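Working notes for the structure below.
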Amino acid sequence: MAIATKFELKPGMATREAFGKTLVELGRENPNVWAVDADLSKSTYTSFFAKEFPDRFVSCGIAEANMVGVAAGLASFGKIPFAASFSCFVINKGFEQLRVAVAYPGANVKVVGTHSGISIGEDGPSQMSIEETSLACSLPGFVVLAPADEVAARALIRAAAEHQGPVFVRTGRLKVPVIYPADQRFEIGKAIELIAGDDVTLIANGLMVAEAIRAQGLLAVEGISARVLDMHTAKPLDRDAIGRAAVQTGAIVVAEEHLVDGGLGVRVAQVVAETHPCPMEFVGLTGYAESGSPDSLLDKYGMRAVNVAAAARKVLGRKKK
Amino acid sequence: MQRTANVGELQEISKGIRRHIIRMIGAAGSGHPGGSLSATEIVVTLFWDALRHDPSNPEWPDRDRIILSKGHACPVLYAAMAECGYTPVETLNTLRKLGSIYQGHPDRRFIPALEASTGSLGEGLSIAMGMGLAARWDKRPSRAYCILGDGEIQEGQIWEAAMFGAFHKLDNVVAILDYNRIQLDGFVKDIMEIEPVVAKWQAFGWHTVELDGHSIPALQAAFAEAAAVKGKPTALIAHTVKGKGVSFMENNPKFHGTAPTKEEVELALKELA
């Protein structure tokens, strides 16, 4: 379905691929950048880095707990290790190590989870990472990022490398549309207002940003003015942007390809409750999905513009009461 | 601190460290005396002899690293670091109390000279591996010494790290197994047998040295042997006695994680006089 929007949303690369390409650039610019891998380099695209910098590419085998510890040891020598794996494996199998070896001492480790969300598709729920925003945000001192497109992924991977301290970056398998101009600036903790609007705010991250943009187009046809915010940083949240959205639009929808429990929406709701309480609705997952093509899964599990628009109408109904 | 290779002097230092351990844990009213006492000669021989370090320059990039993976034995580490001049000796008895730098398990936020925050068993060897890789890349002489508990090697991550160390030929990493044969719930053989432990490390591609972990000459020889081995990491299987040096604590599972009473502190200090 064609939806009118000022964004062209041309096809782009997957955020994981943008990560892999950016890591090579970082490797050229900074000899302290390392890649640490657990037998998924061809999927996480750290294979690009391995090809050019085999001596700074550390193969750990299928052992994510050790991988995270090795990264912490590298960081203690002033290295900037990027430990990458499928998001579900590194966050879950490496969580205890992310807690004690990384978060607790504040080690300068960068973790990149790829194949996040249900859009990994056919592999099914054991490979679908839908809990990691909650888990990563629970770790004190961690910055948690979720880029929406290749431009955002490139910029945020660079920001992660420059940031002193632990960072988790959530990336996806699926090719996603390009939202941003190549020179778009990104700052950790600063949401980007993609579209101005007064009636309701649509907050999203990852591949749901494009869906929120499309939802804005659907709502505009109905005379509803929706603001769209890319909350690419799940932690620390942009409290100012959220507070402004609550005051100025008085209704908020948060959309994420993640469990609603403990996800971005819940975190945004905390800020709304602490600043300017207003009605909110949440678009996200409520349980484990199943195998299928990514598109069929995103349709079935309600990760589409129509679902975001429906949530917006619902929240507007509550706002009028 | 005065570095020394003299066995008699190192034995005297060990006795002093044991007295600290007893006083610290006695004052705290909780803690793990058994595994601190069993690791005393290992820690003393490292800090006063084998270790490349300079307490006046704790951030020296070429220093060796000690990672106390069995973090619950931190009293022995704290006592040694304090006696070396890294931290104050006067406040050792604030162990485990609010505001103390001597936290219940090693915490770099309070003592930056600690090489790793530990306490969740099984994690230290992986960190040592990362250090070994970085030291080799940087062409530094630094070595990483990781002290493991025997019960601790029941953790699967240890074997992930063991496989990693041999695969990456990290001959600058040394694992020291404080093989005191007792863990929290009882004897290791009754909780989860780790034997044949030397064969396990060998099967994982490590050079191994089996030794008496309370013999300072044996420890000195083992550290020297480990330093001479090329192309693979070394595991020292150090046979020790839990609670070593205090008669009523030796081989007594109760003193894995129970502090001595006031009377027991007095008795122990008499034995360690």
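If you read the sequences in order, they're chains A and B.
If you want the numbering used here, it's the position in the first sequence, counting the first as 1, plus 27.
If you want the numbering used here, it's the position in the second sequence, counting the first as 1, plus 382.
For each residue, glycine too, the CB sits at the ideal point set by N, CA and C.
Quick caveat: nothing in here was measured; it's all calculated off a predicted structure.
{"Asked": "Inspect the beta-carbon positions of residue 579 of chain B and residue 615 of chain B and report whether they are closer than 8 Å.", "Found": "no"}
{"Asked": "Suppose contacts are defined by Cβ-Cβ distances below 8 Å. Is residue 206 of chain A in contact with residue 34 of chain A by that definition?", "Found": "yes"}
{"Asked": "What does DSSP give as the partner residue(s) for residue 60 of chain A in the beta ladder?", "Found": "A:107"}
{"Asked": "Taking residue 491 of chain B as the query, report the chain A residues whose CB atoms sit under 9 Å from its CB, ordered along the chain.", "Found": "131, 132 and 133"}
{"Asked": "Quick one: give me the first and last residue of the alpha helix (DSSP H) that residue 458 of chain B is part of.", "Found": "456-466"}
{"Asked": "CA-CA distance, residue 397 of chain B and residue 124 of chain A?", "Found": "35 Å"}
{"Asked": "Secondary structure at residue 592 of chain B, three-state DSSP: helix, strand or coil?", "Found": "strand"}
{"Asked": "By the criterion of Cβ-Cβ separation under 8 Å, what are the contact partners of residue 98 of chain A in chain B?", "Found": "512"}
{"Asked": "Near residue 239 of chain A, which residues of its chain fall below 7 Å by C-beta distance, leaving aside the five closest residues on each side in sequence?", "Found": "229, 231, 255, 282 and 335"}
{"Asked": "Who does residue 52 of chain A pair with in a DSSP beta bridge?", "Found": "Bridge partners of residue 52 of chain A: none, in fact."}
{"Asked": "Which of helix, strand or coil does DSSP assign to residue 597 of chain B?", "Found": "coil"}
{"Asked": "So residue 520 of chain B contacts chain A; which residues on that side make the cut at Cβ distance below 8 Å?", "Found": "104"}
{"Asked": "Along the region 197-213 of chain A, where does the CB come closer than 8 Å to a CB of chain B? Name the residues.", "Found": "none"}
{"Asked": "Kindly indicate which residue of A:290, A:291 and A:113 has the alpha-carbon position closest to the one of residue 200 of chain A.", "Found": "A:113"}
{"Asked": "Mind listing which residues of the region 536-548 of chain B have their C-beta closer than 8 Å to chain A's C-betas, in chain order?", "Found": "538, 539, 542, 543, 545 and 546"}
{"Asked": "Helix, strand or coil for residue 485 of chain B per DSSP?", "Found": "coil"}
{"Asked": "Expressed to the nearest angstrom, what Euclidean distance is found between the alpha-carbon atoms of residue 264 of chain A and residue 297 of chain A?", "Found": "10 Å"}
{"Asked": "Taking residue 520 of chain B and residue 104 of chain A to be in contact with their CB atoms under 8 Å, please state how far apart those CB atoms are, rounded to whole angstroms.", "Found": "7 Å"}
{"Asked": "So the beta strand (DSSP E) residue 257 of chain A belongs to, where does it begin and stop?", "Found": "253-257"}
{"Asked": "Going by other Cβ atoms of all chains shown within 10 Å of its Cβ, with 16 needed for buried, is residue 598 of chain B buried or exposed?", "Found": "buried"}
{"Asked": "Tell me whether the region 452-467 of chain B and the region 397-411 of chain B touch, counting them as touching only if at least three CB pairs, one residue from each stretch, are closer than 8 Å.", "Found": "yes"}
{"Asked": "Where residue 17 of chain A and residue 531 of chain B are concerned, what is the direct C-alpha to C-alpha distance, given to the nearest angstrom?", "Found": "Look at the range of chain A in this structure, 28 to 348, and you will see that residue 17 of chain A is not part of it."}
{"Asked": "At which residues does the alpha helix (DSSP H) containing residue 582 of chain B begin and terminate?", "Found": "579-585"}
{"Asked": "What residues from chain B crowd round residue 124 of chain A, counting only those whose CB sits closer than 8 Å?", "Found": "505, 508 and 539"}
{"Asked": "Terminal residues of the continuous alpha helix (DSSP H) containing residue 160 of chain A?", "Found": "159-164"}
{"Asked": "Say whether chain A places a C-beta atom closer than 8 Å to the C-beta of residue 441 of chain B.", "Found": "no"}
{"Asked": "So does the region 241-249 of chain A actually touch the region 166-184 of chain A, counting three or more Cβ pairs closer than 8 Å?", "Found": "no"}
{"Asked": "Grouping DSSP H, G and I as helix and E and B as strand, with all else coil, what is residue 571 of chain B?", "Found": "helix"}
{"Asked": "My understanding is that residue 96 of chain A touches residue 395 of chain B, with C-beta atoms under 8 Å, so please give their C-beta distance in whole angstroms.", "Found": "31 Å between Cβ atoms; not a contact."}
{"Asked": "Can you look up residue 314 of chain A in the DSSP assignment and give me helix, strand or coil?", "Found": "coil"}
{"Asked": "Count the other CB atoms, across all protein chains shown, that sit within 10 Å of the CB of residue 428 of chain B; report buried if there are 16 or more and exposed otherwise.", "Found": "buried"}
{"Asked": "What residue ranges within the region 390-467 of chain B form continuous beta strand (DSSP E) runs of no fewer than 3 residues, ordered along the chain?", "Found": "447-450"}
{"Asked": "Determine, using beta carbons only, whether residue 499 of chain B comes closer than 8 Å to chain A.", "Found": "yes"}
{"Asked": "Nearest-angstrom Cα distance between residue 387 of chain B and residue 291 of chain A?", "Found": "58 Å"}
{"Asked": "With a threshold of 8 Å on Cβ separation, who are the neighbours of residue 487 of chain B within its own chain once the five nearest residues in sequence on each side are excluded?", "Found": "453, 454, 456, 499, 500 and 501"}
{"Asked": "Is it buried or exposed for residue 652 of chain B, if we count other Cβ within 10 angstroms and need 16 for buried?", "Found": "exposed"}
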